[in-house]
Amino acid sequence: MIRIAQLSCGAEYSGVQRELEKAAEAVGARLIFPEVALDDVLNVESRFGIEVPSGDLNLAMARATRLVENPDLADAVFVCTCFRCAEGAIVRGEVRRFIHSHSRLPVLTYSFTERTTSDTLLTRMEALVTTAKMKGLLAREKQTGLTAGIDSGSTTTKAVIMRDNEIIGTGWVPTTEVLKSADAALEAALSEAKVKREELEGIGTTGYGRFLVGKHVNARLMQEEITVNSKGAVFLADAQRGAATVIDIGGMDNKAISVQDGIPGGFTMGGICAGASGRFLELTARRLGVNITELGKLALKGFHENVTMNSYCIVFGTQSLVNSLSKGSRPEDVAMAACHSVAEQVFEQQLQEVEVKQPVIMVGGTSLIEGLPKAMENLLGLPVIVPRYAQYIGAVGAALLVSGLLEG
Amino acid sequence: MRITKYIITSPESNILPSDVAMKIYGSGKDVRVKETCFGVMVDGEEDVVDSLIKEVRAMDPHGIFIKSRGFPPGDPRRCRSRRGGGPRPGYFMMECESKAMPLVSRALACEERGESVPEAAPQKAPISTEKLIEFIKDEFS
Amino acid sequence: MVKVIVFPPTSTILADMVERMGHTPLVMSGEIRKKVNTPSLESPPLNITPEDPKKGLRYAAVDVPSGIRGRMSMIGPMIDEAEAALVVKDGNCLVGCTGCARTNELARLLIKVKGIPQIELKYPTSDAEARRFVHDIRTFLEGLR
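Protein chains in written order, with the numbering used here: chain U, 17 to 424; chain F, 47 to 187; chain S, 57 to 201.
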């Protein structure tokens, strides 16, 4: 049973403690509260560095100091505070940094409202538990044998076939009916690889539809996208040793993962927000009358500063773009403004919650829209790598990891 | 209505939690008793618990403090072992206040004897800027 | 017999003083007891559900963090019921129900503007301070009869 230490303020009083425990239970883990003495709390300033007016936050910081002294107390850490609490957000960030720099415990941070349900937390908890439980598997660097990976995403379904550490076939279809799309993607990949389904030694699935598809194809591995995508990303970017940061902006959501030696450490998942995902770029392309595959090259010729964007929201953001066009703005500038808006939102929200270390690897279908990685580079002030097969990181990661389950 | 109360003995009281527990057992009243290192938890019908507490207070009128508890004794929702370690937050508050209890006990005794109340210490005012400048010059001369 | 809210509402010493003087202390454990004894709520550990921060909207706006509104849903009714107040501002080790500084500030404000008889003190750190502390509380509580 994986023990997740809960360092929180306000969860019981927001009525969400039950949901946190449900999410932990659902992924085979248990929330625990590391023991601290009164002195630890009263002297938190000398041990952690600061004391704040809210006692529960001091208690959380005291627990963090205990964990770092006795890392065997827990297998992972979950730090959460109320959404919109400034004191909470600051302490949450510092606790994450503190644990990250003084231990190897994986840390997940979250800010909840009374509406937070266990479903929202499930993928995150699953990733946290995987990171704690499957270190051995996640450390795997090479794919062996003949395996397949299927990434059943909200917008597109991807599949890859790998043999002896090489990608030999790929398939990419829009997600309509989940199982049909999965079959179609897999068939396309098999056809390109010139292998039959029966020859496959194992299949791994990931993405929103991982369980449904996994059961359908009798998958050996059904794993959430945080661990799988980061694995695929560092494999494709040849960054399996040392630090790396993976930015995955998908069709409907986004993730930022800091990776160390191929194993995810801290990560954040943005809430479902069309304005911070490929959806906004799709809408922009349609409005500009170009194919989504051309949007990127168009954006590279533009300057986002020439277009005023009043909001990150897809509705108001699109309105801003339309207004600009009607005032005579160039399509190139509008395309770049859209890319900049998505990148900036991810930069301001997700990338402040993880340790950003080079190489920075951008993945997912949106990374092929050239304006987006360029916008991210400008914001970070760091080079951004988009590896070959960037849109297949989930499927690649799944194919790689499932090959590890086949041995022994 | 069933209620739960803590009977907390001040750290400097001559009465120990075990003394309190024995008194309650000896009363034969229909209550549940749980001894802790700082006092005793009593759980039962409100009027029974309140009358017991009157008797217990008499053992050390100034050294016994009563606190109401929301949870019944041994409730698994707050049980340390079930919650994966760590006392419930309320415990820290009690531990903290127990340090002030001897002071309050002695003060209660003085109050009952009608002793005069000492004057408040004069309010400390911040030192004037001129004086501070003098000290700075002194230090760095 | 007067209903006196103590702040912090989890204080043993303050509640005890109120009871000694024959008044009714309004304390957090009373609210907790109501919650934990309602089995249908099923939201451990305190049986505070997502409905409670909504009840807390009566005391704080929707953009105030949920933990504050949840705590206020319990402290607020106590303040509404209070006929007098005994307040200590500088409590140390306030955790749990009193673990949120913003909630504590709001609660103290609501008590202050309610216009009920109230006294504000500091926790004693010496015998002389404890003498004044006990004397002032006793005088205040006697004056409520």
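Even glycine gets a Cβ: it sits at the ideal position worked out from N, Cα and C.
N- and C-terminal bounds of the alpha helix (DSSP H) containing residue i
i	result
aspartate 199 of chain U	194–209
phenylalanine 296 of chain U	294–304
glutamate 81 of chain F	That residue, glutamate 81 of chain F, is in no alpha helix (DSSP H); its beta strand (DSSP E) goes 78–81.
methionine 134 of chain S	122–137
proline 389 of chain U	387–396
serine 168 of chain U	Counting along the chain, serine 168 of chain U falls outside any alpha helix (DSSP H), though it belongs to the beta strand (DSSP E) covering 162–168.
glutamate 360 of chain U	347–365
arginine 34 of chain U	33–42
Inter-residue CB distance, residue i and residue j (contact presumed, cutoff 8 Å)
i	j	result
glutamate 41 of chain U	leucine 137 of chain U	In fact, because the Cβ distance is near 11 Å, the residues do not count as touching under 8 Å.
methionine 175 of chain U	alanine 411 of chain U	The residue you asked about is not methionine; residue 175 of chain U is alanine in the sequence shown. Contact flag correct, Cβ pair sits at about 5 Å.
valine 32 of chain U	threonine 132 of chain U	5 Å
leucine 237 of chain U	leucine 421 of chain U	6 Å
threonine 147 of chain U	proline 122 of chain U	4 Å
serine 30 of chain U	glutamate 130 of chain U	5 Å
aspartate 183 of chain S	arginine 152 of chain F	6 Å
glycine 220 of chain U	valine 418 of chain U	3 Å
methionine 87 of chain F	proline 119 of chain F	5 Å
proline 64 of chain S	glycine 147 of chain S	5 Å
isoleucine 183 of chain U	leucine 206 of chain U	Not a contact, Cβ separation roughly 13 Å.
isoleucine 175 of chain S	leucine 142 of chain S	6 Å
Residue i versus residue j: straight-line alpha-carbon distance, rounded
i	j	result
valine 77 of chain F	cysteine 83 of chain F	19 Å
serine 246 of chain U	methionine 139 of chain F	44 Å
leucine 144 of chain U	leucine 82 of chain S	42 Å
lysine 100 of chain F	leucine 178 of chain F	57 Å
proline 87 of chain U	serine 119 of chain U	7 Å
glutamine 256 of chain U	glycine 248 of chain U	10 Å
leucine 314 of chain U	threonine 186 of chain U	27 Å
cysteine 156 of chain F	serine 59 of chain F	15 Å
leucine 384 of chain U	glycine 123 of chain S	42 Å
glutamine 431 of chain U	proline 101 of chain S	There is no way to answer for residue 431 of chain U, as the model of chain U reaches only from 17 to 424.
aspartate 199 of chain U	arginine 158 of chain S	54 Å
arginine 89 of chain S	asparagine 103 of chain S	10 Å
phenylalanine 49 of chain U	alanine 78 of chain U	11 Å
glutamate 369 of chain U	serine 67 of chain S	37 Å
phenylalanine 181 of chain F	isoleucine 173 of chain F	11 Å
threonine 125 of chain U	alanine 259 of chain U	20 Å
lysine 145 of chain S	proline 69 of chain U	12 Å
valine 194 of chain U	tryptophan 188 of chain U	13 Å
serine 73 of chain F	glutamate 61 of chain U	48 Å
Start and end residues, beta strand (DSSP E) containing residue i
i	result
arginine 68 of chain S	Checking the sequence, you will find threonine at residue 68 of chain S rather than arginine. No beta strand (DSSP E) contains threonine 68 of chain S, which is instead part of the alpha helix (DSSP H) from 68–76.
aspartate 269 of chain U	Segment: none, aspartate 269 of chain U is in no beta strand (DSSP E) and carries neither H nor E.
leucine 47 of chain U	45–48
tyrosine 52 of chain F	48–55
arginine 115 of chain F	110–115
phenylalanine 319 of chain U	Taken as a continuous stretch (DSSP letters only), phenylalanine 319 of chain U belongs to no beta strand (DSSP E), as it is neither H nor E.
alanine 140 of chain S	140–144
methionine 378 of chain U	376–379
Cβ neighbours of residue i in the same chain (closer than 7 Å, five flanking residues each side left out)
i	result
valine 94 of chain F	Lys75, Asp76, Val77
serine 92 of chain F	Per the sequence presented here, residue 92 of chain F reads as glutamate, with serine not at that position. So the qualifying residues of the chain are Met47, Ile49.
lysine 111 of chain S	Ser129
6 Å Cβ shell around residue i - same chain, five flanking residues per side excluded
i	result
threonine 222 of chain U	Asp167, Gln239, Glu241, Val244, Gly410, Ala414
alanine 39 of chain U	Ser134, Leu137, Leu138, Met141
isoleucine 66 of chain U	none
methionine 77 of chain S	Leu197
glutamate 81 of chain F	Pro63, Ala67
glycine 312 of chain U	Ile385, Glu386, Gly387
Own chain residues within Cβ distance below 8 Å of residue i, not counting five before or after
i	result
proline 133 of chain S	Glu87
arginine 346 of chain U	Gly318, Asn322
methionine 392 of chain U	Ile263, Ala359, Val362, Phe363, Val376, Met378, Val400
glycine 116 of chain F	Thr50
The region 89–96 of chain U / the region 18–25 of chain U touching (three or more Cβ pairs under 8 Å): yes
Within the chosen definition, does the region 325–333 of chain U reach the region 354–372 of chain U through at least 3 CB pairs nearer than 8 Å? yes
Does the region 345–355 of chain U come close enough to the region 299–306 of chain U that 3 or more CB-CB pairs lie under 8 Å? yes
Under 8 Å: do the region 271–285 of chain U and the region 382–397 of chain U share three or more Cβ pairs, one atom per stretch? Output reads no: the region 382–397 of chain U does not touch the region 271–285 of chain U.
Taking 8 Å as the cut-off, does the region 47–59 of chain F touch the region 401–417 of chain U (at least 3 CB pairs, one atom from each stretch)? no
Looking at C-beta atoms only, is the number of pairs between the region 43–58 of chain U and the region 110–122 of chain S that lie closer than 8 Å three or more? no
Evaluate the contact criterion for the region 124–137 of chain S versus the region 152–167 of chain S: three or more CB pairs, one atom per stretch, below 8 Å. yes
Pairing CB atoms from the region 256–266 of chain U with CB atoms from the region 284–300 of chain U, are three or more of them under 8 Å? yes
Closer than 8 Å is the cut-off here; do at least three beta carbon pairs connect the region 211–219 of chain U with the region 153–168 of chain U? Here the region 211–219 of chain U lies against the region 153–168 of chain U, with 3 or more beta-carbon pairs under 8 Å apart.
Three CB pairs or more closer than 8 Å across the region 64–74 of chain S and the region 103–113 of chain F: Proximity of the region 64–74 of chain S to the region 103–113 of chain F meets the contact definition, three or more beta-carbon pairs being nearer than 8 Å.
Is the number of C-beta pairs between the region 61–70 of chain F and the region 396–410 of chain U that are closer than 8 Å three or more? no
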